Amino acid sequence: MTSGSPPWAVTRIANACVLLEIADAVVLTDPWFVKSWAFNEHATVTVEDLPRLTAIIGSHWVRDHWGMAELATYAHRAETPVYVACENMVERATQAGFANVEVLAWGEQRRLTDLVSIEAVEDHERKGLITTNYALTSPDARIFYGGETLELAALERYRESGDAFDAAVGPINGMRLLGRQLVVTAGEMVEATRILEAPVLVPIHYAHRSIWPFVKVGCSIGDLRAVQEGDIEIVELQPGERYAATP
1 MTSGSPPWAV TRIANACVLL EIADAVVLTD PWFVKSWAFN EHATVTVEDL
51 PRLTAIIGSH WVRDHWGMAE LATYAHRAET PVYVACENMV ERATQAGFAN
101 VEVLAWGEQR RLTDLVSIEA VEDHERKGLI TTNYALTSPD ARIFYGGETL
151 ELAALERYRE SGDAFDAAVG PINGMRLLGR QLVVTAGEMV EATRILEAPV
201 LVPIHYAHRS IWPFVKVGCS IGDLRAVQEG DIEIVELQPG ERYAATP
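Using this note's numbering, you'd call the opening residue of the sequence shown number 1 and step up by one each time.
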């Protein structure tokens with residue numbers, strides 16, 4: 001990290017897709033550049049707007065978390081490493097032209113740069129769908145990213161041996177599919193942030209529309225404001241908006 005530069009920064013794109021900056025690394029999460037009627041908002045950042053990426057990471061294979069086809073025009077596909085939660089995510093990335101794609105199992109770590117490492121953090125596996133969280137660590141910051149976090153018990157197990165975080169980026173809408181909860185509620189994400197001992201929460205994954213009778217959205221950004229008790233700073237970002245931590 002150069003003198004005066006932020007230890008970390010987040011740019012919100014859409015759904016669970018963000019740009020994470022930490023030290024000398026820039027990581028794109030859960031790519032989603034599609035304008036879909038199923039969402040109340042859309043990306044204002046385009047693939048052409050993206051900076052040179054250090055890596056791309058994916059939480060799971062469902063399309064609104066892994067829209068790799070739109071990245072087929074990204075200029076640096078051949079040399080950009082891609083880390084995914086399971087094998088069935090690999091094909092979609094390679095079809096888009098990415099040559100360096102690797103499944104990162106829970107607990108595995110990789111070095112992104114001389115300063116930044118990434119670790120796959122357990123979340124859950126259900127009916128063949130593996131969902132992974134990620135920890136990004138530099139000498140000056142530690143960032144948690146969960147594209148579709150659900151299991152707080154998994155985070156508690158992780159924190160038994162892992163260090164605290166400077167920020168958590170995670171979902172809040174408590175979405176259910178046919179009655180089955182897929183993602184934490186606003187209150188549960190606040191609790192997850194406390195488990196991670198992160199003083200800052202950047203909420204994502206709250207623009208879905210309910211689609212009766214299949215999809216029910218349980219929480220909104222307003223619900224997050226209501227449950228917040230003051231011990232955690234909530235950083236709300238509009239699509240395309242960037243937040244940088246103070247050096």
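For glycine and all other residues, C-beta sits at the position ideal for the given N, C-alpha and C.
Computed from a predicted model, the values in this text were never measured in an experiment.
Asked: Proximal residues to Gly-97 (C-beta, below 6 Å), its chain only, five neighbours per side dropped; Found: Ala-72 and Arg-77
Asked: Straight-line Cα distance separating Pro-51 from Pro-6; Found: 17 Å
Asked: Three-state secondary structure (DSSP) of Asn-100; Found: coil
Asked: Proximal residues to Pro-203 (C-beta, below 6 Å), its chain only, five neighbours per side dropped; Found: Ile-172 and Leu-224
Asked: Identified DSSP bridge partners for Gln-181; Found: Arg-176
Asked: Segments of 3+ residues assigned as beta strand (DSSP E) that fall wholly inside the stretch 130-208; Found: 142-145, 167-171 and 200-204
Asked: Rounded straight-line distance, which links the Cα of Thr-132 to that of Val-227; Found: 26 Å
Asked: Close-in-space but distant-in-sequence residues of the same chain around Ile-234 (CB under 6 Å, 5 per side omitted); Found: Leu-201 and Gln-228
Asked: Gly-218 vs Gly-174 beta-carbon contact at 8 Å; Found: yes
Asked: Inter-stretch contact (C-beta, 8 Å, three-pair minimum) for the stretch 101-110 and the stretch 118-137; Found: yes
Asked: Own chain residues within Cβ distance below 8 Å of Ala-198, not counting five before or after; Found: Phe-144, Ala-164, Phe-165, Asp-166, Ala-167, Ala-168 and Ile-232
Asked: At least three beta-carbon pairs within less than 8 Å, the stretch 22-41 to the stretch 205-220; Found: yes
Asked: Through-space distance from Ala-23 to Asp-140, alpha-carbon basis; Found: 8 Å
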